[in-house]
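First residue of the sequence shown? That's 34 in UniProt numbering, and the numbers climb one at a time after it. A quick write-up on the structure given underneath.
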Amino acid sequence: PQTHFGFQNVSEEERREKIYQVFENVAEKYDVMNDSMTLGIHRVWKDILVHKMNPSPGTLLVDVAGGTGDIAFRFINYVHSIRERQLQQKLKRHQNLSWQEISKSYEEEKVKPLGDSQVVVCDINKEMLKVGKQRAQHLGYSEGLSWVLGNAEELPFDDDKFDVYTIAFGIRNVTRIDLALQEAYRVLKPGGRFLCLEFSHVSNPLLSRLYDLYSFQVIPVLGEIIAGDWKSYQYLVESIRRFPPQADGRT
Ligand code: SAM
């Protein structure tokens, strides 16, 4: 069927531009809208992703289509908590450490709270990155965090660079998913991991009816009330619908 965006009739370039406009329009309200559309559940999904990643101090992560930094901030919190736990264990094991040794360990923790870990947030959209940087400043994240403007289909990174590549609710917005996957493979070190978080299709018929009602009737209305932008949220709903069903991913 014809969609609001007329996906079937536009070139790849036009589609990329339309998607750019959507995220440019919603950037300021993106985080509030995420909470209202999912009743905050997107936070749990993102927590699960980072727990599954289980990064250690030293992990290099690239979060592609990273937007306003949700995955990056969780990664930093996670690695930081591991470093603190390691420090506590070290102090417990060496009850008789001198004060100098104890304060040296704390100094190291203060200077390098993430060990050698780093996260690079890469997104194609300047406005999303701008909001992300403002959030990082407001929340006090800076160590081990950088922001790079770039397209998932042509990443501005060397080969074999990262231990982990994440893409959360991003891949369905990429025009050429095959190119993005090739690029993920290229920038990952041998043995590196690719973690993707994405919406897909509801298989239970009753839930599917409810989801249809919610996504077509409620989400664009919420978009209009909160962000003054019906069309962009209609796009988000349509892009989920167009994304291949789970079974296709297994083949
Ligand atoms: N990952 C963030 C999160 O989970 O909150 C943001 C997800 S948001 C739904 C989708 C993001 O994908 C937007 O920030 C958009 O700019 C970005 N995006 C779309 N196409 C892209 C591309 N080709 N390369 C990089 N980022 C892209």
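Positions of the beta carbon are idealized from the N, C-alpha and C atoms, including for glycine.
Note to self: Looking only at its chain, what residues have a beta carbon closer than 7 angstroms to the beta carbon of residue 169, apart from the 5 residues adjacent to it on each side?
What the structure shows: 102, 175, 178, listed in sequence order.
Note to self: Looking at the ligand SAM, does it come within less than 7 angstroms of residue 161, judged from the CB to the closest heavy atom?
What the structure shows: yes
Checklist line | Status (buried if at least 16 other CB within 10 Å, exposed otherwise) for residue 218 | finding: So residue 218 ends up on the exposed side.
Notebook entry, point to check: Any heavy atom of the ligand SAM closer than 7 angstroms to the Cβ of residue 292?
Noted result: The shown model of the chain, from 34 to 284, leaves out residue 292, and the question about it has no answer.
Checklist line | Delimiting residues of the alpha helix (DSSP H) encompassing residue 143 | finding: 132-144
Notebook entry, point to check: Going along the chain, which residues of its own chain have a beta-carbon closer than 8 angstroms to the beta-carbon of residue 124, five neighbours each way excluded?
Noted result: Once the five neighbours on either side are set aside, the close Cβ partners of residue 124 are 130, 135, 138.
Margin query: Comparing C-alpha positions only, which one of 239, 268, 151, 159 sits nearest to residue 93?
Written below: 151
Margin query: residue 158 and residue 57 - do their beta-carbons sit closer together than 8 angstroms?
Written below: yes
Check: Is residue 107 closer than 8 angstroms to residue 83 when the C-beta atoms are compared?
Finding: yes
Notebook entry, point to check: Cβ-heavy atom distance between residue 203 and the ligand SAM below 7 angstroms?
Noted result: yes
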